[in-house]
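Novice: Position one of the sequence shown corresponds to residue 297 (my numbering), numbered consecutively onward.
For every residue, glycine included, the Cβ atom is placed at its ideal position computed from N, Cα and C.
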Amino acid sequence: MLVDGTSYWHFINSWSEMFKSKGQNSHLTHISRPPILDRWIPAGSDPIINLPFSHDVEYINRPNRPMLRERIFHFSSDSLAKLKAKANSECNTTKISSLQSLSALVWRCVTRARRVPADQETDCMMAINNRSRISPPLPENYFGNVMHRNEFLSFLVYFAIV
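(1) What does the Cβ neighbour count give for A400, buried or exposed, with the cut at 16 atoms within 10 Å?
(2) Give me the residue from I430, N426, P432 with the minimum Cα distance to D300.
(3) Going by Cα to Cα distance, which pick from F369, E313, R358, T389 is closest to C405?
(4) Output yes or no for whether 9 Å exceeds the beta carbon distance between I327 and S310.
(5) Return the CA-CA distance between A414 and L395, expressed in angstroms with no decimal places.
(6) Using the C-alpha atoms, what's the distance from P330 back to S431?
(7) Determine whether the beta carbon atoms of K380 and I392 lie at a separation below 9 Å.
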């Protein structure tokens, strides 16, 4: 994933600004919120490895996968509030957010649908706007993504939410 939703919409809005200003006197287009392209790597992380892109078929094995199917699910505010309350109650805490409780529910359903063995560890990665949650926080105009990795054990009993 190259960019998260924040950077995606930043790009679309900047592009729109450029086209709106086309035809005005200035040959240089002004963007109200220029992107910050400086790469940021958290302390303790492995260095970035730049792979050559010219002959990727030589070193990347792309398995044949079944055709992707998609579904759109709608959750009412009330059902999200109930899910969050149930998660917090069962885990004896008040710190589980609506996003966390919904993410756990979706991941539980994914692991069940894939028939993952109950003792197998699984990984769930989500691109989220984590700019303000890290220390020091990244600027709002940081272009890219701040990937947060959530690791879940797939013990179905472990997920208290359903």
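Specialist: Quick look at the numbers:
(1) In the sequence shown, counting from the first residue as 1, residue 400 sits at position 104. Burial call: buried.
(2) The residue you call residue 300 lines up with position 4 of the sequence shown. D300 has its Cα closest to that of N426, out of I430, N426, P432.
(3) Residue numbering aside, residue 405 sits at position 109 when the sequence shown is read from its first letter. When only C-alpha atoms are compared, the closest one is F369.
(4) Sequence index remark: in the sequence shown, residue 327 carries index 31 (1-based). Sequence index remark: in the sequence shown, residue 310 carries index 14 (1-based). Yes; because the gap between Cβ atoms is below 9 Å, this pair is in contact.
(5) The residue labelled residue 414 in the question sits at position 118 within the sequence shown. The residue labelled residue 395 in the question sits at position 99 within the sequence shown. Their Cα atoms are separated by approximately 24 Å.
(6) Start at 1 with the first residue of the sequence shown, and residue 431 comes out as number 135. Start at 1 with the first residue of the sequence shown, and residue 330 comes out as number 34. For S431 and P330, the distance between alpha carbons rounds to 22 Å.
(7) One-based indexing of the sequence shown puts residue 380 at position 84. One-based indexing of the sequence shown puts residue 392 at position 96. Closer than 9 Å, so yes.
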